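In the order they appear, the protein sequences are chains E and W. Heads up: the first sequence runs through residues 86 to 243, numbered per our numbering. Heads up: the second sequence runs through residues 119 to 641, numbered per our numbering.
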Amino acid sequence: MAAARKKAVFWSEPVSKVDLERPAVVQSGATIVDAVKEMKFNQISCVLVVDENQKLVGILSNGDLMHEYVGSTLPGDSPVDTIMTKDPFSATAALTVKEALEIFHSKPFRHMPILSGDKILGILSIRGLMTFISQHLPIQVLNLPPDSSLIASHTAGE
Amino acid sequence: MDGLKEYLTRKDFVSSSEVRWCPGCGDYAVLNAVQNVLPQLGLPKEKFVFVSGIGCSSRFPYYMDTYGFHSIHGRAPTIATGVKVANPELSVWVITGDGDGLSIGGNHLVHALRRNLDMNIILLNNRIYGLTKGQYSPTSVKGQITKTSPYGVIEEPLNPLRVALASEATFVGRAVDTDPKHITEVLKAGAKHAGTCFVEILQSCVIFNKKAWDHISDRSTRDDRLLYLEQDKPLIFGEKRNKGIMLKGTSPVVVTIGEQGITEKDLVVHDMYREDTVYAAMLTEMDFPDFPLPVGIYRAVKKPVYEEELEKQIKNVTALKGRRNLQALLRGSEYWTVSNGGQDIKRSSGISSLANDESQVMDEQIHELLKSTDPLTASLKTKIGKIFYDYDYKRSKVLSPRDSVATAIANFKSARIECILVGDSKQLYGILAERDIIQNVVLTSIDRDRTQISAIMRPVYEIMDESNSIGDVINILSISGHRHVPIRLKDGGFGLVTIRQILRFIHDTVEQVEKQEPETDSK
Numbered sequence: 086m087a088a089a090r091k092k093a094v095f096w097s098e099p100v101s102k103v104d105l106e107r108p109a110v111v112q113s114g115a116t117i118v119d120a121v122k123e124m125k126f127n128q129i130s131c132v133l134v135v136d137e138n139q140k141l142v143g144i145l146s147n148g149d150l151m152h153e154y155v156g157s158t159l160p161g162d163s164p165v166d167t168i169m170t171k172d173p174f175s176a177t178a179a180l181t182v183k184e185a186l187e188i189f190h191s192k193p194f195r196h197m198p199i200l201s202g203d204k205i206l207g208i209l210s211i212r213g214l215m216t217f218i219s220q221h222l223p224i225q226v227l228n229l230p231p232d233s234s235l236i237a238s239h240t241a242g243e
Numbered sequence: 119m120d121g122l123k124e125y126l127t128r129k130d131f132v133s134s135s136e137v138r139w140c141p142g143c144g145d146y147a148v149l150n151a152v153q154n155v156l157p158q159l160g161l162p163k164e165k166f167v168f169v170s171g172i173g174c175s176s177r178f179p180y181y182m183d184t185y186g187f188h189s190i191h192g193r194a195p196t197i198a199t200g201v202k203v204a205n206p207e208l209s210v211w212v213i214t215g216d217g218d219g220l221s222i223g224g225n226h227l228v229h230a231l232r233r234n235l236d237m238n239i240i241l242l243n244n245r246i247y248g249l250t251k252g253q254y255s256p257t258s259v260k261g262q263i264t265k266t267s268p269y270g271v272i273e274e275p276l277n278p279l280r281v282a283l284a285s286e287a288t289f290v291g292r293a294v295d296t297d298p299k300h301i302t303e304v305l306k307a308g309a310k311h312a313g314t315c316f317v318e319i320l321q322s323c324v325i326f327n328k329k330a331w332d333h334i335s336d337r338s339t340r341d342d343r344l345l346y347l348e349q350d351k352p353l354i355f356g357e358k359r360n361k362g363i364m365l366k367g368t369s370p371v372v373v374t375i376g377e378q379g380i381t382e383k384d385l386v387v388h389d390m391y392r393e394d395t396v397y398a399a400m401l402t403e404m405d406f407p408d409f410p411l412p413v414g415i416y417r418a419v420k421k422p423v424y425e426e427e428l429e430k431q432i433k434n435v436t437a438l439k440g441r442r443n444l445q446a447l448l449r450g451s452e453y454w455t456v457s458n459g460g461q462d463i464k465r466s467s468g469i470s471s472l473a474n475d476e477s478q479v480m481d482e483q484i485h486e487l488l489k490s491t492d493p494l495t496a497s498l499k500t501k502i503g504k505i506f507y508d509y510d511y512k513r514s515k516v517l518s519p520r521d522s523v524a525t526a527i528a529n530f531k532s533a534r535i536e537c538i539l540v541g542d543s544k545q546l547y548g549i550l551a552e553r554d555i556i557q558n559v560v561l562t563s564i565d566r567d568r569t570q571i572s573a574i575m576r577p578v579y580e581i582m583d584e585s586n587s588i589g590d591v592i593n594i595l596s597i598s599g600h601r602h603v604p605i606r607l608k609d610g611g612f613g614l615v616t617i618r619q620i621l622r623f624i625h626d627t628v629e630q631v632e633k634q635e636p637e638t639d640s641k
């Protein structure tokens, strides 16, 4: 069955096949305002924080900002390090789509850095993962009218 | 039939209708020319049909004592196509104008030309909408002042002949209203051409575009500014017949015969029978003042004629498959009988006459794909109402657009949500994501207590219904690039479906499937 074969293949694909998002990156010690500017510029909802060796040391998301910064007494020029999530959850490019699905299912975050050693390859986002899955189901999802009421219910002359 | 020639005269084609064209209108020249040509074609009067669209020129059929059809704006070529296909014996003439033919009916003209029916299309080009009192048309020149272009036309005009060549017209000609004898010659040749004859006639609108073609058609300068095309003759023009067109590389240039050793032999020789359109296209590029404007027959090539090909096809298919029955086709596969004021509807399935039809086989293949037995793809047909209530629905928050940004922040913090709907139970005004708050609060110094949510929310891309499928939602999320889509709830109000809910649903579906079929997996 073609559908079954397709299913087996795409679940075990590595996440490197998924379109990873280009990360927004700031140096450890950068201010919170600079980090938000970087996020806005890159149109992404999180920013990675790296040390002087470009090694990932933290991640700052809109959620962190909402809960740790907005409404707090912290000034905008505080270093990102004070509110970022340290040693964030990351994965290698060998992570499979199935495993990524498990991770997003059980963890609260929406973005996951994908690393190769200390090198940052990109960000796997919850949206990127969904788009990848939907691209493997084009006939059922993408190549249809955006409203199921418009799909012909039976063949002509059936 | 030959005998008819002697009986029919121009007068036989003059109708008794009062002519409503303005005195001095170029349309009269065309009418006279056509009435001169028809008796020479050797056809009985009842075989002529004139079809027109809308416009001054489209009043033409009234003034011809023949069958005619003053039809729909721009659609004359299409109606004429039907007339000709239904009765190929007829001599069909389409009368159209620059607006009717190139704007309103541009598409119809193009397709009539490419089909190459044996009919004649006359396009009267006065570069203006005359009947509607002077708006600029697709052939109005740049800078032309009209009622709809008081400061001058800023569009590039269409060249009707180039449109015709691009549409694979097999006969392309041009004539000027001030030279009726020439119009007659061109039209006669066109009428005898097997295939669609397209002739543009340059004429002025005495009221709204008096000087449309004065620069070339004025008798005093005409010889120097018009180039009459004659088959197998060099391109010579000028009052003294001493100017000509020569090729320099691939470009035409104007030369004087006798100067710099140029003789007639160096000039381009007219060949309207050339198969390719390169030469004809070159002629259409030539225009006053750099060149004389060519008039006459640009192109006349032989190609299969539509109605003959169609007839052949019908004959061949009938020989192969026998005569088909329209009623059998209409009632063959499926029909309904509605009776008792719509109360009783009976569906009937007859033996399909299209049983071997390829399109049906294709349809079946598509539906086979849609009926996928793969549990995950099948699950995509689940209604979103279901996942909305199964996964985290309590976290959908709706705030009023008048609520303050501070209120929104408090909601984000307490509910740990990533997105808030803005609206009331009846209407949705927008959507507010964490990102909108962060960017506004951190990067600008808005007053959180006094700024309303409506100032920073974003518009709603799409609202779905509970009855939409998960596949639909994934489709919208993929297209929009958003992470959430609002849904309209059955019992009023709105909710939010997020990508995370979708992924959780997919995850659970996959898990369930794997639990159910561990044996097949191990095999």
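Here a beta-carbon is modelled for each residue, glycine too, at the ideal position from N, C-alpha and C. Small disclaimer: the values here were computed from a predicted structure and weren't measured.
Check: Cβ-based neighbour list, W/Y185, same chain, cut-off 6 Å, excluding 5 preceding and 5 following; Outcome: V167
Check: Integer Cβ distance of W/Y416 from W/T402, believed to fall under 8 Å; Outcome: 7 Å
Check: At least 3 beta-carbon pairs within less than 8 Å: the region 203 to 212 of chain W vs the region 248 to 260 of chain W; Outcome: no
Check: CA-to-CA distance, W/L595 to W/R177, given in whole angstroms; Outcome: 55 Å
Check: Within chain W, the residues that E/G161 reaches when beta carbons sit closer than 7 Å; Outcome: V560
Check: Separation of W/N244 from W/N327, as counted between CA atoms; Outcome: 7 Å
Check: Straight-line Cα distance separating E/A185 from E/C131; Outcome: 18 Å
Check: W/Y424, buried or exposed, once every other Cβ within 10 Å from all chains shown has been counted against 16; Outcome: buried
Check: Beta-bridge pairing of W/A293 - partner residues as DSSP gives them; Outcome: W/I319
Check: 9 Å Cβ cutoff met for E/G156 and E/T116; Outcome: no
Check: Own chain residues within Cβ distance below 7 Å of E/L200, not counting five before or after; Outcome: L141, S175, T177, L206
Check: Coil, strand or helix - E/L186 by DSSP; Outcome: helix
Check: Contact set between the region 159 to 191 of chain E and chain W, restricted to residues whose Cβ is under 8 Å from the partner; Outcome: G161, K183, L186, E187, F189, H190
Check: Counterpart residues of W/N243 in DSSP-defined beta bridges; Outcome: W/L320
Check: Own chain partners of W/T296 with C-beta closer than 6 Å, once the 5 adjacent residues on each side are dropped; Outcome: S335
Check: Within-9 Å CB hit, W/N474 to chain E; Outcome: With a pLDDT of only 47 at W/N474, under the threshold of 50, the placement of this residue in the model should not be trusted; the figure read from the coordinates follows. No, because no Cβ of chain E sits closer than 9 Å to the Cβ of W/N474.
Check: Neighbourhood of W/T314 by C-beta, 8 Å cutoff - its chain only, sequence neighbours within 5 removed; Outcome: A230, L231, R233, N234, L235, D236, M237, N238, I239, A287, T288, F289
Check: Residues sharing a beta bridge with W/N238, DSSP; Outcome: W/W211, W/C315
Check: Under 7 Å from the C-beta of W/H602: neighbouring residues of chain E; Outcome: Within 7 Å Cβ-Cβ: nothing; W/H602 doesn't reach chain E, min ~10 Å.
Check: Extent of the continuous beta strand (DSSP E) run through W/R417; Outcome: 411 to 418
Check: Three-state class that DSSP yields for E/Q112 in the structure shown; Outcome: strand
Check: Cross-strand partners of W/Y185 (DSSP beta bridge); Outcome: W/V167
Check: Stretch pair the region 496 to 510 of chain W + the region 614 to 624 of chain W: three plus CB contacts closer than 8 Å; Outcome: yes
Check: Test item: CB-CB of W/A151 and W/T302 under 9 Å; Outcome: yes
Check: 8 Å Cβ shell around W/E348 - same chain, five flanking residues per side excluded; Outcome: H388, G414
Check: Residue-chain proximity (E/S101, chain W), Cβ-Cβ < 9 Å; Outcome: no
Check: DSSP three-state assignment for W/D590, whether helix, strand or coil; Outcome: helix
Check: Contact with chain W by E/H152, beta-carbon distance below 9 Å; Outcome: yes
Check: Where W/N154 falls: helix, strand or coil (DSSP); Outcome: helix
Check: Under 8 Å from the C-beta of E/L214: neighbouring residues of chain W; Outcome: L621
Check: Per-residue contacts from W/S646 into chain E (C-beta, under 7 Å); Outcome: Given that chain W is displayed from residue 119 to residue 641, the structure contains no residue 646 of chain W and the question cannot be resolved.
Check: Stretch pair the region 580 to 590 of chain W + the region 547 to 559 of chain W: three plus CB contacts closer than 8 Å; Outcome: no
Check: Minimum Cβ-Cβ distance from W/I505 to chain E less than 9 Å; Outcome: no
Check: E/V134 vs E/V118 beta-carbon contact at 9 Å; Outcome: no
Check: Minimum Cβ-Cβ distance from W/F406 to chain E less than 9 Å; Outcome: no
Check: Distance between W/L320 and W/L242 (C-alpha atoms, nearest Å); Outcome: 6 Å
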